[in-house]
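In what follows, a single structure is set out as structure tokens and then discussed.
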Amino acid sequence: MTGQIMSHYTIIKKLGDGGIGEVYLAEDDALDHKAALKFLPLHYASDAELNKRFCRDAKAVAALNHPNITTVFEIGKHEGRAFIAMEYV
Numbered sequence: 008m009t010g011q012i013m014s015h016y017t018i019i020k021k022l023g024d025g026g027i028g029e030v031y032l033a034e035d036d037a038l039d040h041k042a043a044l045k046f047l048p049l050h051y052a053s054d055a056e057l058n059k060r061f062c063r064d065a066k067a068v069a070a071l072n073h074p075n076i077t078t079v080f081e082i083g084k085h086e087g088r089a090f091i092a093m094e095y096v
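Start counting at 1 in the sequence shown, then tack on 7, and there's your number in the numbering used here.
Structural data, given as structure tokens:
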């Protein structure tokens, strides 16, 4: 995905994998800052229940405001995969 442009983000590099997501470093071209993009893994993209849970969890985190919790900027889909754009720390 490196180099791909999605929405107003340009993906710079992959940061890592987890049980429920792949995380990429991206440049927010609209606001000119770095962001972390977490994607639901490809093999889960067609699982409607996991997609709902992924987005529900992102909304719950977005509702929090605390210095030790990353800020969620956006929740969306790119090529059928749910993603969360969040503060890069």
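We put the CB at the ideal spot given by N, CA and C, even for glycine.
Rounded separation between residue i and residue j - CA only
i: Phe61; j: Glu34; result: 22 angstroms
i: Phe80; j: Met13; result: 14 angstroms
i: Arg88; j: His50; result: 10 angstroms
i: Glu86; j: Leu47; result: 11 angstroms
i: Lys45; j: Gly28; result: 6 angstroms
i: Leu38; j: Thr17; result: 12 angstroms
Which of helix, strand or coil DSSP assigns to residue i
i: Val96; result: coil
i: His73; result: coil
i: Leu32; result: strand
i: Ala37; result: coil
i: Gly26; result: coil
Beta strand (DSSP E) segment containing residue i, residue limits
i: Ala65; result: Taken as a continuous stretch (DSSP letters only), Ala65 belongs to no beta strand (DSSP E), being part of the alpha helix (DSSP H) at Ala55 to Ala69.
Which residues DSSP lists as bridging residue i, in chain order
i: Ile12; result: Thr17
i: Leu49; result: Paired residue(s): none; Leu49 is not in a bridge.
i: Glu81; result: Ala92
Close beta carbons around residue i, own chain, < 8 angstroms, minus the five adjacent residues each side
i: Leu22; result: Val30, Tyr31, Leu32 and Ala43
Sequence-distant residues of its chain with Cβ nearer than 7 angstroms to residue i (five each side left out)
i: Ala65; result: Val79, Ile82 and Ile91
Beta-carbon proximity list for residue i, same chain, < 6 angstroms, skipping 5 on both sides
i: Lys20; result: Thr9 and Leu32
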